[in-house]
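*Asks:* After the structure tokens below, expect a handful of questions from me.
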Amino acid sequence: MSQLTGEKIALQLQTPGRCRMHYQILVKGEVIGEVELDHIAWRSGEAELKIHIFDPAKRRRGFGSDAVTTLLEHAFGTMNLRRVYLRVHATNTAAVRCYEKAGFKKEGKLKRSFGGERKEEVLLMAVSRQHFSKEKPARAV
Ligand SMILES: CC(C)(COP(=O)(O)OP(=O)(O)OC[C@H]1O[C@@H](n2cnc3c(N)ncnc32)[C@H](O)[C@@H]1OP(=O)(O)O)[C@@H](O)C(=O)NCCC(=O)NCCS
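Encoded structure:
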């Protein structure tokens, strides 16, 4: 499907590939960001989600949550994936909240050290088809 429709946004497929589906996020015809499923593993039914809303002025209006939910509906309902996961910096509270709203749960923590004092924590988050369907009865597959 080349176009997916959410409540506030539409997703336009840019790069259809066996291992990667990359969409532009549109609001009233304007491209405001991108969202994708990468590393699609058909055998295990898993993929990694990434999202970016370009202009900070377009954030905090519900577009990110809508884009993530719309893509998850497609991932579980049409592509028949089993689990979608992602990595996010622990300090990125906006993204963590956005993902939690869409049903993602924290599964683990990776610690990266750059030598000296500099360290960063990356959270691994995931949502299963079963969990998504249960949590999102109104719009889920
Ligand atoms: C992460 C991102 C996609 C979220 O999109 P968004 O459109 O701003 O998110 P939403 O408006 O749907 O908000 C989702 C939730 O996060 C909360 N939120 C958003 N920005 C926030 C912030 N800066 N601080 C705290 N909470 C925030 C919202 O309040 C909302 O929760 P609520 O409904 O309980 O109030 C967007 O901020 C972004 O593109 N950031 C830069 C790129 C990035 O960090 N990508 C993720 C990499 S893993």
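Sequential numbering from 298 applies to the sequence shown in the numbering used here. C-beta atoms are modelled at their ideal positions from N, C-alpha and C, and glycine is treated no differently. Quantities reported herein were computed from a predicted structural model and do not represent experimental measurements.
Can you check which of these residues, T388, E418, G361, I306, is closest to C395 by C-alpha distance?
*Replies:* For the purposes of this step, residue 395 is taken as residue 98 along the sequence shown, with counting starting at 1. The residue with the shortest Cα to Cα distance from C395 is G361.
*Asks:* Where does A423 fall in DSSP's three states?
*Replies:* Indexing the sequence shown from 1 puts residue 423 at position 126. The answer is strand: DSSP assigns A423 an E or B state.
*Asks:* Can you check DSSP and say which residues form a bridge with S362?
*Replies:* Numbered from its first residue, the sequence shown carries residue 362 at position 65. Paired residues: none, contrary to the question.
*Asks:* For S410, does the three-state DSSP call read helix, strand or coil?
*Replies:* Residue mapping note: residue 410 aligns to position 113 of the sequence shown, counting from 1. Note: S410 maps to strand in three-state DSSP.
*Asks:* Quick one: give me the first and last residue of the alpha helix (DSSP H) that E397 is part of.
*Replies:* What you label residue 397 is simply residue 100 of the sequence shown in a count that begins at 1. Here the alpha helix (DSSP H) through E397 covers 390 to 398.
*Asks:* Closer than 7 Å to a non-hydrogen atom of ligand 1 - does that hold for the CB of H319?
*Replies:* Numbered from 1 along the sequence shown, position 22 holds the residue referred to as residue 319. No, ligand 1 has no heavy atom inside 7 Å of this Cβ.
*Asks:* So for K403, helix, strand or coil by DSSP?
*Replies:* For the purposes of this step, residue 403 is identified with residue 106 of the sequence shown, where counting begins at 1. It is a strand residue.
*Asks:* The beta strand (DSSP E) that contains P313, what's its start and end?
*Replies:* On the sequence shown, position 16 is the one that residue 313 refers to. Here the beta strand (DSSP E) through P313 covers 307 to 313.
*Asks:* Considering only DSSP beta bridges, list what I322 is partnered with.
*Replies:* Translated into the one-based positions of the sequence shown, residue 322 becomes position 25. L308, G330, per the DSSP bridge assignment.
*Asks:* If you drop the 5 nearest sequence neighbours on each side, which residues of the same chain put their C-beta closer than 6 Å to that of G330?
*Replies:* In the sequence shown, counting from the first residue as 1, residue 330 sits at position 33. Once the five neighbours on either side are set aside, the close Cβ partners of G330 are I322, H349, I350, F351.
*Asks:* Could you name the residues of the same chain whose beta carbon sits closer than 7 Å to that of T375, not counting the 5 residues immediately before and after it, in chain order?
*Replies:* The count along the sequence shown starts at 1 and reaches residue 375 at position 78. M298.
*Asks:* Could you check if L407 is buried or exposed, using at least 16 other CB atoms within 10 Å of its CB as the buried criterion?
*Replies:* On the sequence shown, residue 407 is found 110 positions in, with the first residue counted as 1. With fewer than 16 Cβ atoms within 10 Å of its Cβ, L407 is classed as exposed.
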